[in-house]
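Student:
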Amino acid sequence: MNRDNDVILSSQLSAILVMTIMGVGILSLPRMVVEEAGPDGLFLVLGGSIFALLAGWIIFLLVKKFPGETIVEFGNTLLGKFFGTVIALGFFGYLMILSAYEVRSFGEITKQYLLFETPIEVLAITILLGSVYTARSGIESIARMAEFLFPIITIISVLILLPIIPEIDYTQFYPIFRTPILKLIKGIPVVFFSFIGIELTLLYAAFVKEPKKIGNAMLLTVGLVSFYYISIVFVVVARFGLVETTHIIWPTLEVFKTVDLPGAFIENLDAFIMSIWVIAVFMSLVSAYYGSALILSRIFKTKEFNFFVLPLLPIIYFLAFIPDNLIQLNDWIDIYSNYAGSFFMVLLPLLLLIISFFKKSKGGKKNAP
113 MNRDNDVILS SQLSAILVMT IMGVGILSLP RMVVEEAGPD GLFLVLGGSI
163 FALLAGWIIF LLVKKFPGET IVEFGNTLLG KFFGTVIALG FFGYLMILSA
213 YEVRSFGEIT KQYLLFETPI EVLAITILLG SVYTARSGIE SIARMAEFLF
263 PIITIISVLI LLPIIPEIDY TQFYPIFRTP ILKLIKGIPV VFFSFIGIEL
313 TLLYAAFVKE PKKIGNAMLL TVGLVSFYYI SIVFVVVARF GLVETTHIIW
363 PTLEVFKTVD LPGAFIENLD AFIMSIWVIA VFMSLVSAYY GSALILSRIF
413 KTKEFNFFVL PLLPIIYFLA FIPDNLIQLN DWIDIYSNYA GSFFMVLLPL
463 LLLIISFFKK SKGGKKNAP
């Protein structure tokens, strides 16, 4: 059962998941989609979103059988204490590496676009310290923050992009269906793994006030993220064209930099846009960071998770700077997401769900439907 006495709404769970998913991945998504599918990239996003929805639904079917429990508890129930703990520790390591990726990406991008003279190490420590403070406040505070910031970021992003609409070239997508179906299918993982973060439901579902509504949260999460992904891919490609998009490392940031707001009262629009992104990546980091500490607290059965938050900081910092450069960082995270992402987003939830159909709970009754 939930020992932390924190309760969140299904809508707040959705806000957390959306902010987590769209942290860093959305910046390079248009480039990766165009590299895989060219002008048919929008269909690729749609296909990847459908698979993400299926993964989210599998997770929902699993967690609703164990209300008030995280993957640590129901993992032990279904796999036994030893294998359940091994899986929990694997999930812990998975979230730690994701946190390290967020930290390093934040440092690299912020230095490149905003704080040119600031060492990446200083930027990394800064966001980690902020994450420690926020993660220690608990899931309720994180949920409220995500619920508050999400609509603000959305509205501001839409308002900034509106002036671009009359200038974009819709012909970049013509003719459609130029990409072979087989190639489109092979490219689906590119989009699917851009939904990494949805597997945090395996932890956060334990705190949802009405577990039956988690399914709605999954639908809302995937729907919103899909809408954002389709919109940003459309705007980037229509603005830059297919060829130029493939040559830009962070096309999402670059498209915002091309915006010229007539009569705007904000002089340094680049800095303003970066500040919005910083909020998004910060929330993504906090979610993974808190999840890591929560897993340890559940494994060791401590009353509070706070004890584990600060000691994780140097570990995440060390992991963040193992890659020598940005290219190596992206190469490693691509490989990592393909294998670890597949396991924790699809294979593990599906395996546990299948086992749950045959295994009885400790009380002798079958798991809740």
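In my numbering, the protein residues as written are 113 to 481. No residue lacks a Cβ here, since even glycine has one placed at the ideal position from N, Cα and C.
Give, in chain order, every unbroken run of the alpha helix (DSSP H) that is at least 4 residues long and sits entirely within the region 250 to 295.
Tutor: Complete alpha helix (DSSP H) runs here, min 4: 251 to 273.
Student: Answer yes or no: do residue 190 and residue 467 have a C-beta to C-beta separation smaller than 8 Å?
Tutor: As a position in the sequence shown, residue 190 is number 78, starting the count at 1. As a position in the sequence shown, residue 467 is number 355, starting the count at 1. It is a contact, given that the beta carbons lie within the stated cut-off.
Student: In chain order, which alpha helix (DSSP H) runs of at least 4 residues are fully inside the region 213 to 254?
Tutor: Here the runs fully enclosed are 232 to 248.
Student: In the structure shown, what three-state DSSP assignment does residue 320 receive?
Tutor: Numbered from 1 along the sequence shown, position 208 holds the residue referred to as residue 320. Here residue 320 sits in strand by DSSP.
Student: If you follow the alpha helix (DSSP H) that residue 131 is in, where does it begin and where does it stop?
Tutor: Along the sequence shown, read from residue 1 onward, the residue named residue 131 stands at position 19. Segment 122 to 133, the alpha helix (DSSP H) holding residue 131.
Student: Are the region 139 to 158 and the region 354 to 362 touching, with three or more C-beta to C-beta distances below 8 Å?
Tutor: Taking 8 Å as the limit for Cβ pairs, the verdict is that the region 354 to 362 does touch the region 139 to 158.
Student: Identify whether residue 180 lies in helix, strand or coil by the three-state DSSP scheme.
Tutor: Counting from one through the sequence shown, the residue named residue 180 turns up at place 68. DSSP places residue 180 in coil when its eight states are reduced to three.
Student: Which same chain residues end up closer than 6 Å to residue 219 when comparing Cβ atoms and leaving out the 5 residues on each side of it in sequence?
Tutor: Within the sequence shown, residue 219 is the residue found at index 107, counting from 1. Excluding sequence neighbours, residue 219 sits near 232, 235 and 236.
Student: What span of residues does the alpha helix (DSSP H) with residue 444 cover, start to end?
Tutor: By 1-based counting over the sequence shown, the position of residue 444 is 332. First-last of the alpha helix (DSSP H) with residue 444: 438 to 448.
Student: Is the beta carbon of residue 340 closer than 8 Å to that of residue 125?
Tutor: Position 13 of the sequence shown, counted from the first residue, corresponds to residue 125. Position 228 of the sequence shown, counted from the first residue, corresponds to residue 340. In this structure, residue 340 does not lie closer than 8 Å to residue 125 by Cβ.
Student: Count Cβ pairs between the region 208 to 218 and the region 429 to 445 that sit closer than 8 Å; are there 3 or more?
Tutor: Yes, since at least three Cβ pairs between the region 208 to 218 and the region 429 to 445 fall closer than 8 Å, the two stretches touch.
Student: Which residue from 405, 216 and 333 puts its Cα closest to that of residue 496?
Tutor: The structure shown has nothing for residue 496, since the chain only spans 113 to 481.
Student: Which residues in the same chain as residue 204 place their Cβ atom closer than 6 Å to its Cβ, once the five residues preceding and following it in sequence are excluded?
Tutor: Residue mapping note: residue 204 aligns to position 92 of the sequence shown, counting from 1. The answer, listed in chain order, is 404 and 407.
Student: Find out if the Cβ-Cβ distance for the pair residue 411, residue 184 is shorter than 8 Å.
Tutor: Position 299 of the sequence shown, counted from the first residue, corresponds to residue 411. Position 72 of the sequence shown, counted from the first residue, corresponds to residue 184. Taking 8 Å as the Cβ cut-off, residue 411 and residue 184 qualify as a contacting pair.
Student: With distance defined between alpha-carbon atoms, name the residue in 338, 364 and 337 nearest to residue 350.
Tutor: Looking up residue 350 in the sequence shown gives position 238. Here the closest residue by C-alpha is 364.
Student: Quick one, are the C-beta atoms of residue 230 and residue 390 less than 8 Å apart?
Tutor: Locating residue 230 in the sequence shown gives position 118, where the first residue counts as 1. Locating residue 390 in the sequence shown gives position 278, where the first residue counts as 1. Not closer than 8 Å, so no.
Student: Which same chain residues end up closer than 7 Å to residue 291 when comparing Cβ atoms and leaving out the 5 residues on each side of it in sequence?
Tutor: By one-based count along the sequence shown, residue 291 stands at place 179. Within the same chain, residue 291 has close Cβ partners 149, 150 and 152.
Student: Assign residue 414 to one of three DSSP states: helix, strand, or coil.
Tutor: Numbered from its first residue, the sequence shown carries residue 414 at position 302. The answer is coil: DSSP assigns residue 414 none of H, G, I, E or B.
Student: With residue 145 as the anchor, note down where its alpha helix (DSSP H) starts and where it stops.
Tutor: Taking the first residue of the sequence shown as position 1, residue 145 is located at position 33. 137 to 149 is the extent of the alpha helix (DSSP H) around residue 145.
Student: Just to confirm, is the Cβ distance from residue 298 to residue 121 under 8 Å?
Tutor: The residue given as residue 298 occupies position 186 in the sequence shown. The residue given as residue 121 occupies position 9 in the sequence shown. No, they are not a contact pair.
Student: For residue 304, which residues of its own chain have a beta-carbon under 7 Å away from its beta-carbon, when the five flanking residues on both sides are left out?
Tutor: By 1-based counting over the sequence shown, the position of residue 304 is 192. Here the set comprises 160, 163 and 164.
Student: Can you tell me whether residue 132 is buried or exposed? The criterion is at least 16 other CB atoms within 10 Å of its CB, across all chains shown.
Tutor: Along the sequence shown, one-based indexing puts residue 132 at 20. By the 10 Å Cβ count, residue 132 comes out buried.
Student: Residues in the same chain with beta-carbon distance under 6 Å from residue 147, minus the five sequence neighbours each way, listed in chain order, please.
Tutor: What you label residue 147 is simply residue 35 of the sequence shown in a count that begins at 1. Contacts found: 358.
Student: If we count the other Cβ atoms within 10 Å of its Cβ and call it buried at 16 or more, is residue 366 buried or exposed?
Tutor: The count along the sequence shown starts at 1 and reaches residue 366 at position 254. Its Cβ being crowded by 16 or more others within 10 Å, residue 366 is buried.
Student: Measuring alpha carbon to alpha carbon, tell me which residue in 264, 452 and 465 is nearest residue 207.
Tutor: Here the question's residue 207 lines up with position 95 in the sequence shown. Checking every option, the nearest Cα to that of residue 207 belongs to 452.
Student: Work out the CA separation of residue 137 and residue 289 for me, nearest whole Å.
Tutor: In the sequence shown, counting from the first residue as 1, residue 289 sits at position 177. In the sequence shown, counting from the first residue as 1, residue 137 sits at position 25. One C-alpha to the other measures close to 26 Å.
Student: Can residue 258 and residue 127 be called in contact, C-beta distance under 8 Å?
Tutor: As a position in the sequence shown, residue 258 is number 146, starting the count at 1. As a position in the sequence shown, residue 127 is number 15, starting the count at 1. Their beta carbons are under 8 Å apart, which means residue 258 touches residue 127 by this criterion.
Student: Would you tell me roughly how many angstroms separate the C-alpha atoms of residue 176 and residue 241, rounded to the nearest one?
Tutor: The residue given as residue 176 occupies position 64 in the sequence shown. The residue given as residue 241 occupies position 129 in the sequence shown. Those two C-alpha atoms are separated by around 34 Å.
Student: Between the C-alpha atoms of residue 335 and residue 123, what's the straight-line distance to the nearest angstrom?
Tutor: Sequence index remark: in the sequence shown, residue 335 carries index 223 (1-based). Sequence index remark: in the sequence shown, residue 123 carries index 11 (1-based). One C-alpha to the other measures close to 13 Å.
Student: Would residue 464 be called buried (16 or more neighbouring beta carbons within 10 Å of its own) or exposed?
Tutor: Numbered from 1 along the sequence shown, position 352 holds the residue referred to as residue 464. Residue 464 should be labelled buried.
Student: On a CA-only basis, which of 135, 250 and 424 is nearest residue 319? Give me that one, please.
Tutor: Position 207 of the sequence shown holds residue 319. The residue with the shortest Cα to Cα distance from residue 319 is 250.
Student: When burial is assigned at 16 or more other CB atoms within 10 Å of the CB, is residue 400 buried or exposed?
Tutor: Locating residue 400 in the sequence shown gives position 288, where the first residue counts as 1. The residue is buried, with at least 16 neighbouring Cβ atoms inside 10 Å.
Student: Taking only three categories from DSSP, how would you classify residue 326?
Tutor: Within the sequence shown, residue 326 is the residue found at index 214, counting from 1. Note: residue 326 maps to helix in three-state DSSP.
Student: At what residues does the alpha helix (DSSP H) containing residue 167 begin and finish?
Tutor: If you number the sequence shown from 1, residue 167 lands on position 55. 153 to 175 is the extent of the alpha helix (DSSP H) around residue 167.
Student: If you drop the 5 nearest sequence neighbours on each side, which residues of the same chain put their C-beta closer than 7 Å to that of residue 345?
Tutor: For the purposes of this step, residue 345 is taken as residue 233 along the sequence shown, with counting starting at 1. Around residue 345: 141, 142, 145, 153, 154 and 157.
Student: So residue 337 and residue 307 are supposed to be a Cβ contact under 8 Å. How far apart are they, rounded?
Tutor: As a position in the sequence shown, residue 337 is number 225, starting the count at 1. As a position in the sequence shown, residue 307 is number 195, starting the count at 1. That pair is a contact at about 6 Å.
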